Amino acid sequence: MVSVETYDDVAFTQNGAAVELIQTKHSRTTKQLNDFSPQFWNTVGIWIKHLKDHPEELGRTALMLVATATVGEDTGLSMLRPEGQGRDIGAAHRKLVAAAAASKNQDVEWAVDAFLKLDAAAQRQVLDMVAVLDASPNIVDVREEIRRVLRHSARPEHLDHLIDRLEGWWFGVMTGALSRKGGREIPVSEIDAKLHDLREQFGPLQLPIDYAGVDPSAEIVSALKERTFVDQLKEIQVGDTGIRRAIVDYFRAFNQRSIWVRQGLLNGDELGQFGKRLIEAWERRWGIAERKLRNGASDDDLVEAGTGVYDWACNCNICLRRVEEPFLTQGTFHLLANKKRIGWHPDYKNRVALKAGQGDDDDDPALV
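Take the sequence shown: its letter number 305 is residue 653 in our numbering, and every next letter is one higher.
Written as C-alpha cells, this is what we have:
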C-alpha cells in the first residue's frame with residue numbers, strides 16, 4: 349500500500365503498519381546538504397514522533413530521505429547512504445550528535461531536542477533505520493527514469509504517449525490525495541492495474557481511450573445543434589435527450605479519432621475502413637426501410653421505419669480493433685450522417701440539406 353501525506357510524504361504499508369517512510373526534498377539550488385541542514389533534522393523529528401506513536405515499528409521500518417541535492421562528503425549524512433556507499437552508523441552517530449549539540453537553528457530546535465532526548469542506543473537504532481538517497485532525479489529528470497523502466501511497455505514511437513497518460517492519471521491521484529485531509533492510501537495493485545491497462549491499450553489489438561466521460565461545453569453543444577447529423581435526427585422525431593446523447597457521442601468520437609491520428613496510433617487507413625464497415629452494415633439494415641419509400645408509405649410510417657434504423661445503429665457493436673466504447677461506434681455513425689453518407693429517414697437525401705462549411709468527416713470548425 350502506498351500512502352500520500354498520511355504518515356509521511358510517501359509511505360509503504362503492509363497489514364496496516366508502515367514498512368517504509370519516505371521524505372522527499374526537491375531543491376532548485378546546488379547547495380549541498382550537511383549535518384546542520386534543516387531538511388534532515390525536520391525529517392528526523394517527524395520520524396521520531398511517528399516512532400513514539402508506533403513503537404512496534406522501531407527497528408522494523410525503513411526511513412528514507414530522498415533528496416535532489418547532494419550530501420557533503422565526510423559528513424554524518426554521507427555515512428547514512430545505503431550499504432556499499434560508505435555507510436557507517438557508528439561514525440554517523442558521533443558526527444550527528446555533535447552537530448545536534450552545536451545547532452543554533454531555532455527552526456529545528458524541536459527536532460534536535462527530540463533526538464538528543466533519546467538515549468545513545470535509541471539514537472543509533474533510529475539512524476540505523478535511515479537511508480539517505482542524495483542526488484536523486486528531480487521532477488524533470490524523473491520522466492527519463494520512467495522512460496527507462498517502461499521502455500518495453502509500448503512501441504518506441506508510442507512510449508511518450510503512454511507515459512503522458514500514466515503521468516496524467518498519477519497527477520490526478522496525487523491531487524486528490526493532497527486535497528484530502530489526512531492524505532490517501534493507494535494500493536500498489538491500483539498502480540499495477542493502471543499500467544497493465546495502458547500496456548494493453550497501446551498493444552496491437554487496442555487503442556488508448558481519452559474521451560470516455562468527457563462532455564462538451566455548453567458553447568460546443570449549442571454549435572453542434574446546427575449540424576446536419578442533428579437535422580437527420582429531427583427528421584425521425586428524436587427528442588431532446590436523444591439529440592443531447594448524439595451530440596456527446598459525436599464530440600467524443602471526433603476528438604478521440606483526432607488524437608489517434610495526431611499521435612500516429614493508427615495503421616494505414618484504419619478509420620476509413622472502419623467507416624466503410626459501418627456504412628456496409630447500415631446498407632443492409634437500410635434496405636428494409638427503403639422499401640417503405642417505394643411503397644408510398646405515410647409520413648408516420650416513414651418516421652417509424654427511420655426510427656427502426658436508428659435504433660439498430662444505437663445498439664450496433666461493430667468495433668475498431670477491440671475498442672468497445674459505444675461512443676466511438678455511435679459517434680462515427682453521426683460523423684457519417686453529418687456528410688449524408690448515411691441517413692435515418694427513408695427520404696433523407698431529399699429532406700435533409702448538407703450544410704456548407706462543415707469540412708470532411710474528421711474536420712469540424714466547432715471542435716478544432
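Just so it is clear, CB atoms sit at the ideal spot from N, CA and C, and this is done for glycine as well. If you're wondering where the values come from, they're calculated on a predicted model, not measured in any experiment.
* Asked: Which class does A410 belong to by DSSP, given the choice of helix, strand or coil?
  -> If you number the sequence shown from 1, residue 410 lands on position 62. The answer is strand: DSSP assigns A410 an E or B state.
* To do: With DSSP as the reference, please indicate the residues paired to L668 in a beta bridge.
  => On the sequence shown, residue 668 is found 320 positions in, with the first residue counted as 1. Answer is V671.
* How many angstroms separate the CA atom of A446 from the CA atom of E492? -> Here the question's residue 446 lines up with position 98 in the sequence shown. Here the question's residue 492 lines up with position 144 in the sequence shown. Going from the Cα of A446 to the Cα of E492 covers about 39 angstroms.
* What span of residues does the beta strand (DSSP E) with V445 cover, start to end? -> The residue labelled residue 445 in the question sits at position 97 within the sequence shown. Not the beta strand (DSSP E): V445 falls in the alpha helix (DSSP H), residues 437–450.
* Asked: Going by the beta-carbon positions, is the gap between R513 and L546 smaller than 9 angstroms?
  -> Numbered from 1 along the sequence shown, position 165 holds the residue referred to as residue 513. Numbered from 1 along the sequence shown, position 198 holds the residue referred to as residue 546. Taking 9 angstroms as the Cβ cut-off, R513 and L546 qualify as a contacting pair.
* Start-to-end residues for the alpha helix (DSSP H) that takes in G657 -> In the sequence shown, counting from the first residue as 1, residue 657 sits at position 309. Gly is not the amino acid found at residue 657; the sequence shown has Val there. Per DSSP, V657 belongs to the alpha helix (DSSP H) from 647–662.
* To do: Return the Cβ separation of L381 and G424 in integer angstroms, given the expectation that the two are a contact with Cβ distance under 8 angstroms.
  => Translated into positions along the sequence shown, residue 381 becomes position 33. Translated into positions along the sequence shown, residue 424 becomes position 76. Contact flag wrong, Cβ pair sits at about 11 angstroms.
* To do: Please confirm whether I595 and G654 have their CB atoms less than 9 angstroms apart.
  => On the sequence shown, position 247 is the one that residue 595 refers to. On the sequence shown, position 306 is the one that residue 654 refers to. No.
* Asked: So with Cβ pairs under 9 angstroms, would you call R642 a contact of chain D?
  -> Protein chains in the displayed structure number just one, and chain D is not present.
* CA-to-CA distance, A637 to K703, given in whole angstroms -> As a position in the sequence shown, residue 703 is number 355, starting the count at 1. As a position in the sequence shown, residue 637 is number 289, starting the count at 1. Using only the alpha carbons, I get a separation of about 24 angstroms.
* Asked: Leaving out five residues before and five after Q549 in sequence, what residues of the same chain have Cβ atoms less than 6 angstroms from its Cβ?
  -> Taking the first residue of the sequence shown as position 1, residue 549 is located at position 201. Closer than 6 angstroms at Cβ, skipping near neighbours: P556.
* In chain order, what residues of the same chain have a beta carbon less than 6 angstroms from the beta carbon of P688, not counting five sequence neighbours either side? -> Locating residue 688 in the sequence shown gives position 340, counting from the first residue. The sequence shown places Lys at residue 688, rather than the Pro named in the question. Same-chain partners within the cutoff: L702.
* Can you give, in chain order, each stretch of the alpha helix (DSSP H) that sits fully within the region 562–643 and has at least 4 residues? -> 566–572, 576–583, 588–610, 618–642
* To do: Per DSSP, which residues does L381 bridge with? Please list them.
  => Translated into the one-based positions of the sequence shown, residue 381 becomes position 33. L381 pairs with V419.
* To do: Tell me whether the beta-carbon of A645 lies closer than 9 angstroms to the beta-carbon of W692.
  => Counting from 1 along the sequence shown, the entry for residue 645 is found at position 297. Counting from 1 along the sequence shown, the entry for residue 692 is found at position 344. No, these two residues do not count as a Cβ contact at 9 angstroms.
* Roughly how many angstroms separate the alpha carbons of R610 and F577, rounded to a whole number? -> Locating residue 610 in the sequence shown gives position 262, counting from the first residue. Locating residue 577 in the sequence shown gives position 229, counting from the first residue. Rounded to the nearest angstrom, the two C-alpha atoms are 25 angstroms apart.
* Using a threshold of 9 angstroms, state whether the C-beta atoms of P564 and L481 are closer than that. => The residue given as residue 564 occupies position 216 in the sequence shown. The residue given as residue 481 occupies position 133 in the sequence shown. No, Cβ-Cβ distance for P564 and L481 is not below 9 angstroms.
* **Where A397 falls, given that 16 or more other Cβ within 10 Å makes a residue buried** => By 1-based counting over the sequence shown, the position of residue 397 is 49. The identity of residue 397 in the sequence shown is Lys, whereas the question assumes Ala. Looking at its Cβ environment, which holds fewer than 16 other Cβ atoms inside 10 Å, K397 is exposed.
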